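Working notes for the structure below.
Protein chains in written order, with my numbering: chain A, 126 to 523; chain B, 126 to 523.
Laid out in structure tokens, this is it:
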């Protein structure tokens with residue numbers, strides 16, 4: 126099912142990454158993505174009511190539908206920092222804009238790291254000349270590394286598609302190892318493409334892609350203050366413009382979705398302390414909303430997550446989670462399979478738990494719940510809960 | 126604030142507890158609570174749609190408003206066991222009723238333990254003569270021990286009150302170490318009193334007491350299939366009957382609430398793997414619903430729970446949890462105190478995190494969130510999340 130990543134940097138995008146010692150020394154933590162020409166842009170932001178300063182800034186910027194650059198730092202989320210946080214974010218955008226010959230409003234900003242501490246502005250501003258001067262000297266991989274926090278590996282994906290006999294490429298990087306890593310806040314994703322596409326079409330393609338990927342993963346159920354997905358489309362591939370509803374739009378959306386799905390899988394695989402990637406499918410629910418609610422409730426149940434960590438085919442915990450998820454359901458109709466072994470039929474045991482427990486030793490495991498009550502379904506990706514997760518999050522700041 | 130427990134077994138109640146080897150050998154796991162005379166009864170049951178067989182049986186029984194006995198086993202929850210589960214539960218009630226000269230409908234049944242496995246009926250029925258024959262030979266403490274699963278200590282509380290110059294006593298036992306311990310399912314609580322009280326008054330006193338105690342605690346956010354609270358009032362104290370709305374009703378309700386609050390604190394203290402009891406108060410919310418929602422979201426956030434375990438005064442995680450709780454709130458009005466140290470004022474740091482971190486080393490810690498947006502408040506009890514919780518729940522069945 127999954128296509129291999131085809132990574133080519135889209136035309137006209139260049140990168141820079143420097144060490145600004147924001148939180149730790151000896152690592153790149155300030156990066157810049159620049160498009161040679163003005164790009165059409167779209168974005169999706171956290172639904173958390175507590176929004177970090179950079180999120181507030183980008184939400185204003187994105188109304189224009191275009192931009193030239195994204196500046197991003199790790200180590201400090203610039204969240205819960207009041208008016209000062211917003212001023213700091215705007216100042217950085219301004220400092221990046223002038224040497225690029227761009228308007229400050231065309232520079233987007235993202236931050237990830239500790240919540241509640243103001244940005245170390247002296248250290249950042251001091252490094253901005255080096256950052257701007259270094260455009261083109263770093264790779265997309267460097268950007269992926271510079272945005273890591275508790276991530277254990279950089280996350281990159283790409284696809285190539287043909288439109289009007291032009292090769293168009295889509296590339297993306299992201300970070301995130303808890304849906305919200307500690308007060309390390311978050312999930313960030315930057316997508317770039319050289320496709321020429323209408324703003325409205327880009328919006329709708331992005332929303333579709335995010336809904337089927339980043340909106341279907343959960344590590345710990347916590348939603349961050351900084352979650353941001355930005356896409357830049359600079360049109361340098363020279364294709365005929367992609368409009369909503371067209372065949373090329375569908376192809377573009379499909380490939381964009383593949384990139385975001387691949388990136389979202391990487392996030393869950395890198396879930397803090399996780400040893401297993403868990404795919405939860407809920408079938409034949411009354412509505413799609415019900416299917417999603419049940420899948421997320423199972424995915425976020427500590428008892429389910431710890432059982433899977435212990436390779437225990439404990440379907441009773443799955444059933445209990447469905448029971449309190451609040452969906453329409455009848456215990457006596459429900460079937461549950463773990464790693465393709467049917468452990469529960471019509472609400473009662475099949476006696477095959479030990480067989481399923483053997484299968485649970487794998488690195489990627491699947492749970493399928495068949496509610497037999499409608500025809501809607503949903504899929505959610507999650508990971509197990511381990512002692513290591515507790516350690517990472519209890520000891521992060523100490 | 127808290128009164129010391131005053132434990133006197135109410136008149137007319139006797140107990141029995143035997144070893145039936147339901148899941149482990151060498152421990153009492155089958156117990157019986159009997160009232161000499163018919164008692165007025167009331168009950169509160171799990172809101173999980175997946176209800177264990179004994180819960181379904183008790184929910185039918187409780188409509189009559191009276192009963193003589195409660196039989197309870199640990200080691201097996203008799204949940205997700207289909208029609209056979211219900212038949213087994215009814216059979217056990219029948220076997221207990223006859224020697225007591227009672228109707229089977231006057232015998233209530235509760236189970237706690239593994240989900241999805243039928244009760245070992247031979248082992249249980251074989252022990253019933255010994256159980257019934259032993260009435261009066263065991264103590265309330267024995268009952269509290271017999272219902273333990275992952276609990277590390279038995280949980281008992283009591284109060285004495287004067288009504289019409291009669292000493293009336295209320296006593297209770299409970300178990301529970303995860304809101305739902307593993308597939309160890311659950312929270313059970315049995316309350317007894319010799320007060321003479323109307324059924325309607327008892328109902329309303331119980332609901333009030335449960336709402337302020339068991340409904341305000343959370344260990345892991347999972348709700349069980351077996352949660353049951355039962356109260357028996359046999360009237361043997363000979364007081365004038367307590368009717369709803371009277372002064373004696375208010376006294377009775379207050380004391381009953383003290384018993385349930387004490388028991389619910391014991392459950393959280395014994396939270397699986399917990400090292401800290403956490404009291405979360407949310408003040409000045411727009412509505413009581415909002416205050417509760419925010420308090421529970423903070424209480425169930427893995428990032429908050431792990432931070433507190435690590436004695437990290439990470440108020441950013443608390444703010445983020447409020448942000449995604451869905452309540453009416455403004456970040457810039459919000460104050461947060463940890464162990465009486467104000468760490469956040471009007472949404473930004475006060476710089477006192479290190480001071481608060483020192484206070485967090487205590488066994489009982491408090492978080493106060495002042496939303497400054499209304500005048501409703503709520504209090505929730507919780508515990509921290511530790512490697513030990515993961516270990517208990519990953520390895521429970523292996």
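Yeah, the Cβ is synthetic: ideal placement off N, Cα and C, and Gly gets one too. The model shown is predicted, which means the values in this text are computed figures rather than measured ones.
Open item on the list: Between the alpha carbons of residue 236 of chain B and residue 201 of chain B, how many angstroms are there, rounded?
Closed with: 6 Å
Open item on the list: At the 8 Å Cβ level, is residue 236 of chain A part of the contact set with chain B, yes or no?
Closed with: no
Task: Beta-carbon proximity of residue 508 of chain B to residue 401 of chain B, cut-off 8 Å - done: yes
Open item on the list: Can you look up residue 191 of chain A in the DSSP assignment and give me helix, strand or coil?
Closed with: strand
Open item on the list: So for residue 162 of chain B, helix, strand or coil by DSSP?
Closed with: strand
Task: Per-residue contacts from residue 240 of chain B into chain A (C-beta, under 9 Å) - done: Residues of chain A passing the Cβ test: 439, 440, 441, 442, 444 and 445.
Task: Minimum C-alpha distance to residue 287 of chain A - residue among A:160, A:363, A:173 and A:180 - done: A:363
Open item on the list: Quick check for students: name the residue ranges of the alpha helix (DSSP H) that lie wholly in the region 368 to 402 of chain B, counting only runs of 4 or more.
Closed with: Listed in chain order, the complete alpha helix (DSSP H) runs (minimum 4 residues) inside the region 368 to 402 of chain B are 372 to 394.
Task: Within chain B, the residues that residue 350 of chain A reaches when beta carbons sit closer than 7 Å - done: By Cβ distance, chain B contributes 445 and 448.
Open item on the list: Can you list, in chain order, the residues of its chain with a C-beta nearer than 6 Å to that of residue 430 of chain A? Leave out the 5 residues immediately preceding and following it.
Closed with: The beta carbon of residue 430 of chain A lies closer than 6 Å to those of 509 and 510 in the same chain, with the five residues before and after it left out.
- [ ] Taking residue 479 of chain B as the query, report the chain A residues whose CB atoms sit under 7 Å from its CB, ordered along the chain.
- [x] Per Cβ cutoff of 7 Å: no residues; residue 479 of chain B is ~11 Å from chain A at best.
Open item on the list: What does the Cβ neighbour count give for residue 361 of chain A, buried or exposed, with the cut at 16 atoms within 10 Å?
Closed with: buried
Open item on the list: I'd like to know if residue 510 of chain B contacts chain A, where contact means its C-beta is closer than 8 Å to some C-beta of that chain.
Closed with: Cβ-Cβ to chain A under 8 Å: yes for residue 510 of chain B.
Open item on the list: So for residue 265 of chain B, helix, strand or coil by DSSP?
Closed with: It is helical.
TODO: Can you tell me which of the three DSSP states residue 523 of chain A falls into?
DONE: Confidence in residue 523 of chain A is poor, its pLDDT being 42 and thus under 50, which makes the residue's placement too unreliable to answer from.
Task: Contact with chain A by residue 207 of chain B, beta-carbon distance below 8 Å - done: Cβ-Cβ to chain A under 8 Å: yes for residue 207 of chain B.
Open item on the list: I believe residue 313 of chain A touches residue 272 of chain A by the beta-carbon criterion, under 8 Å. Please report the beta-carbon distance rounded to the nearest angstrom.
Closed with: 6 Å
Open item on the list: Excluding the 5 residues flanking residue 333 of chain B on each side, which residues of the same chain have their C-beta closer than 7 Å to its C-beta?
Closed with: 378 and 382
Task: Under 8 Å between C-beta atoms of residue 267 of chain A and residue 140 of chain A - done: yes
Open item on the list: Please state the DSSP three-state secondary structure of residue 211 of chain B.
Closed with: helix
Open item on the list: Taking CB distances under 8 Å as the criterion, tell me whether residue 494 of chain B reaches chain A.
Closed with: Chain A places no beta carbon closer than 8 Å to that of residue 494 of chain B, leaving this residue out of the contacts.
Task: From B:515, B:228 and B:279, residue whose alpha carbon lies closest to that of residue 525 of chain A - done: Given a span of 126 to 523 for chain A in the structure shown, any question on residue 525 of chain A remains unanswerable.
Open item on the list: Taking beta-carbon pairs under 8 Å, can you tell me which members of the region 392 to 417 of chain A lie near chain B?
Closed with: none
TODO: Check whether the Cβ of residue 318 of chain B lies closer than 8 Å to any Cβ atom in chain A.
DONE: no
Open item on the list: Strictly under 8 Å for the Cβ-Cβ distance: is residue 301 of chain A near chain B by that measure?
Closed with: no
Task: Distance, residue 194 of chain A Cα to residue 229 of chain A Cα - done: Rounded to whole angstroms, the gap between the alpha carbons of residue 229 of chain A and residue 194 of chain A is 10 Å.
Task: Residues near residue 386 of chain B in its chain [Cβ-Cβ closer than 6 Å; skip 5 each side] - done: Only 338 meet the Cβ criterion.
TODO: Evaluate residue 217 of chain B with the Cβ neighbour count: other Cβ atoms within 10 Å of its Cβ, from every protein chain shown; 16 or more gives buried, anything less gives exposed.
DONE: It is buried - the Cβ of residue 217 of chain B has at least 16 other Cβ atoms within 10 Å.
Task: Rounded Cβ spacing between residue 416 of chain B and residue 405 of chain B (contact assumed at less than 8 Å) - done: The beta carbons of residue 416 of chain B and residue 405 of chain B sit about 10 Å from each other, so the pair does not count as a contact at 8 Å.
Open item on the list: Starting from residue 453 of chain A, trace the alpha helix (DSSP H) in both directions and tell me its first and last residue.
Closed with: Taken as a continuous stretch (DSSP letters only), residue 453 of chain A belongs to no alpha helix (DSSP H), as it is neither H nor E.
Open item on the list: Please tell me whether residue 158 of chain A and residue 225 of chain A are closer than 8 Å, where the distance is taken between their beta carbons.
Closed with: no
Open item on the list: Measuring alpha carbon to alpha carbon, tell me which residue in A:438, A:425, A:452 and A:137 is nearest residue 408 of chain A.
Closed with: A:452
Open item on the list: If the criterion is Cβ atoms closer than 8 Å, does the pair residue 191 of chain B and residue 231 of chain B meet it?
Closed with: yes
Task: Assigned secondary structure, residue 489 of chain A (DSSP; H/G/I helix, E/B strand, else coil) - done: In the structure shown, residue 489 of chain A sits in a strand (DSSP, three-state: E or B).
Open item on the list: Run through chain A and tell me which residues come within less than 9 Å of residue 454 of chain B, C-beta to C-beta.
Closed with: Here the neighbours are 174 and 175.
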